[in-house]
Structures are given as C-alpha cells and as structure tokens.
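Residue numbers in the sequence shown follow our numbering, run continuously in steps of one, and reach 509 at the last position. Cβ coordinates follow ideal geometry from the N, Cα and C atoms, glycine included. In what follows, a structure is listed as structure tokens, so that the remarks can point back to it.
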Amino acid sequence: MTRTILHCINSFSERGGGVAFALKSLCETLEGYSHVILALRDDQPVLDLSQARLRLFERTGPFTLSYSRGLEAGLRAELHRTPDALVHVHGMWSGLGWSVDRLRRRSAGLGYVVSPHGMLSPAALDRRRRIKAIMARLWERALLQNAQAVHCLTPVEVRHALGFEAGLRVAVQPHSVAFPMSQAGLTQSWAQGRDGRKTLLYLGRIHQTKGVLALVDALEARAQGGRGVGFRLAIAGIGAPDSIAALKARIAGSRADISFLGPVFGAAKDRLLQEVHGMILPSQTEGLPMSLIEGAAHALPLFITQECNLDWVEPAQAGLCLPYGGAGIDALIDRFDSASKPDLAAMGLRAAQIARNLYAPQIVQAGWQDIYARAALSPTLAPTSALAPGPS
C-alpha cells in the first residue's frame, strides 16, 4: 500500500527559498509515496508541482510566527483520514512545530520526521535568540526529542543538532538535484561554450547573512584602490524589498563590473548556469545550499565559505572553501580572478563528478526510503477524538 507523507512547510513559493525547492525536488524524485503538502499562503505564487497534492492555509497572527489554526486543523483532518500517514516538518522556529507537537502530545504513536534545514547552526541560533529560547522551551525541544528521525543535511548539521539537544535520532541525507548532461556532455559544454569575459555568479537569497553585500563591498574597495579584477560579478536572486534596494544602491555607485539580474528560475536559470564560469556564496550560515549543488551539477567550480557545509570542495579540488570574513572573501575573489578558464573547467568537472555521486536522484531516493521506513516503525496511529476532522 502506498504510504502518505504529510509535509508541513511555512512557504511553498520563492519566498520559501531553498527549503521550498528542496521539498519540490523530494516530491518529484521519491517514488512509492503519496505526498501532501500543507503550506502557509504568502504573497508569491506557489512553485509548480505535479507530483503532490498542495493545500494552502491562511496565517493566524504575525507573519513571522508562521502559525495557522487552519493548517493545524487541516493536518488533524488528514491524519484522521489516513491514520498511518507520516508527518514531515520542514524548518524550525515557527508555529508549524507548535502544531505538530500539540498533535504529538494528544495522539500517541504519531510518526514524524523533522528537517531543521540548518536552523540549529550557531549563527542561526544567534538571530532572534530570546524568541527562539522561548520556542525551544515551549515546543521545539520536545518536537525534536520525540521525532522518529531528525533529518540532517550534512555531518556538520548533525553536530549542530546534537549540540542543541543530545540524544536525538539523527539521520544524514542530502537533497537531490537534476543533472542536465552526462559527464561527457559537461566536458563538451566547457570546450565549446562559456565564451566572453569570465563571469562569477552569486545565485541565492539577497540577505545580509549570505555575504552578498560584503562581496559587493569587497569588489568596490578593490576598484577604488586601483586593484580591479578581470571578471564580472552577476547576482541573481530574490529578497525582501529593503535588501534588494540596498543591493541596487551599492551596485549603482560601484566602479566594479557588477550586475543584478533579479529572480532567475527554470530554463532561464539553466541557461545562466551554462554561461558563467564559477559560483560564489560567502555565506555566514547554510543548511545545504541547493544553488551550489545545482552549480556543481552544471560543472561549475565553487568559491564558498566553510559555513556552506560542502566539505568535499577542497579535498576534490573543485574550488575554494574558506572561513567567513573579510580575509576569506578577498581570497575567494583572488582565486577566481587568477584562475584560467581551463583551470575553472577542470575544477568544475571535478565538482560535477562528486555531486553526481552524492546528490543524484537515485542515490538520494534510497536514503529517504530508509528514513521514512524508520519513522514508520512507530506504533500505528489509531483515530481518536484528538484527531477528529477539523475545518479545512
């Protein structure tokens, strides 16, 4: 019998960032399950998805709390209809965790998985520290302690999770990405394309923690000091209006060759990844950056901070990985600037081969089947009055 997975996520749109795209990829590649996504409505169109049933709910209270009475009732109704369904919570520090923990306390045998998605890193815990301390005491610690599996993207995230709460049942499983070409095809694309001036790409959310503003400032300081670089920086992504405005203001007054492309998705993103010569993400904190994995799948070398949690980049000679900070960002700039296109091609092709061994859909699917099988070992959830259907 096909098992149902009830995915709970704050936003299933561009606003949800990498978490939303990771869930989309999971539903599209994991066979043998029926996927239902329960998400909160925001101001962006939902992601296109044909492999899952999507239910949207209005928020109750402040946007940042991400709580919905309707979603909680909808989840209760879904569990009443399908008592052996598994719940998968994507993200932390929101009302979603409150809702699932409330159901857990009222319904013995609820099987569920929690994916913190990098939200237990030291840098993430430092933001809104007092509010998160209250949430941890009221529901987040209990939610993690009683989960059949706490899904971690990398061994680094395992250390963060166990440092936050010892004894959790952790499971390491990265997300999958699509590979547009064979390794031979990627080699040919480097040999026949990527003409013109060297271009370094930043692809991701426009936010202070991602290091993109620090990157622009570093390039501007070089230009003003007569130490300009021989490449252009292309920035693509979404962000809050004030973050976008701050970025545009910096670019408008800069002497460096920097362009802001805005949001890039689908076929336009694939074309962009096949035109540039490397990717950079000087982030302060990440779970597992999907944009970098997509870049690696397109045979792009990666110039990143250690906080991006891709510990294979340095050993594989697939780019450069350094600690976050001004010195690290300068070194990433220097390395890309000094590399020839053949050097970048060699690094990028090594990145693609490693990524294929780690993030190919068939490999990731086997890992997810194991995690969900572990969660299913909890006692079957019997319908009770606590799970009586609520308003949808």
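#### Entry: Bridge partners - Gly436, DSSP secondary structure assignment
Its beta-bridge partners are Leu419.
Worksheet item: Could you give the distance in angstroms between the alpha-carbon of Gly135 and the alpha-carbon of Arg247?
Response: Cα-Cα distance, rounded: 25 angstroms.
Original post:
Just checking, does the region 138-155 make contact with the region 478-491 on the three C-beta pairs under 8 angstroms criterion?
Top reply: A contact exists between the region 138-155 and the region 478-491.
- Which runs of the alpha helix (DSSP H) fall wholly inside the region 289-343 and span at least 4 residues, in chain order? Within the region 289-343, the runs of alpha helix (DSSP H) at least 4 residues long that lie entirely inside it are, in chain order, 300-309 and 329-341.
query = Are the beta-carbon atoms belonging to Leu213 and Asn127 less than 9 angstroms from one another?
reply = The answer is yes: Cβ separation under 9 angstroms.
Heavy atom of the ligand MG within 8 angstroms of Ala413 beta-carbon: Among the components modelled here there is no ligand, and therefore nothing to report on the ligand MG.
Q) When the Cα of Ala353 is compared with those of Thr326, Tyr319, Gly370 and Ile368, which residue comes out closest? A) Check the Cα spacing between Ala353 and each of Thr326, Tyr319, Gly370 and Ile368: the tightest is with Tyr319.
| said: Using CA atoms only, rank isn't needed, just tell me which of Leu330, Leu466, Pro358 and Ala385 is closest to Arg367. | reply: For Arg367, the nearest C-alpha among the options comes from Leu330.
Worksheet item: Is Val393 helix, strand or coil when you go by DSSP?
Response: If DSSP states are grouped into helix, strand and coil, Val393 belongs with coil.
> If we ignore side chains and look at the alpha-carbon of each, how far apart do Pro500 and Leu220 end up?
Replying inline: With a pLDDT of 37 at Pro500, under the threshold of 50, the modelled position of that residue is not reliable, and the figure given next carries that caveat. If I take the Cα positions, the gap works out to 12 angstroms.
Can you tell me whether Asn474 is buried or exposed, with buried defined as 16 or more other CB within 10 angstroms of its CB? Classification of Asn474: exposed, given that the 10 Å Cβ count is below 16.
At least three beta-carbon pairs within less than 8 angstroms, the region 364-383 to the region 396-413: By the Cβ criterion, the region 364-383 is not in contact with the region 396-413, since fewer than three pairs of Cβ atoms, one from each stretch, lie closer than 8 angstroms.
Are the beta-carbon atoms of Glu337 and Arg372 separated by less than 9 angstroms?
Yes, Cβ-Cβ distance for Glu337 and Arg372 is below 9 angstroms.
*Mind checking who Val267 pairs with in its DSSP beta bridge?*
Paired residues: Val231 and Val287.
Exercise for review: Report the three-state DSSP secondary structure of Val217 (helix, strand or coil).
Suggested key: Residue state, collapsed to three classes: helix.
Span of the beta strand (DSSP E), counted from its first residue to its last, around Ala351:
Start and end: Arg349 to Ala353.
Q. With 16 as the cutoff for other CB atoms within 10 Å, does Phe296 come out buried or exposed?
A. Phe296 counts as buried, since no fewer than 16 other beta carbons sit within 10 angstroms of its beta carbon.
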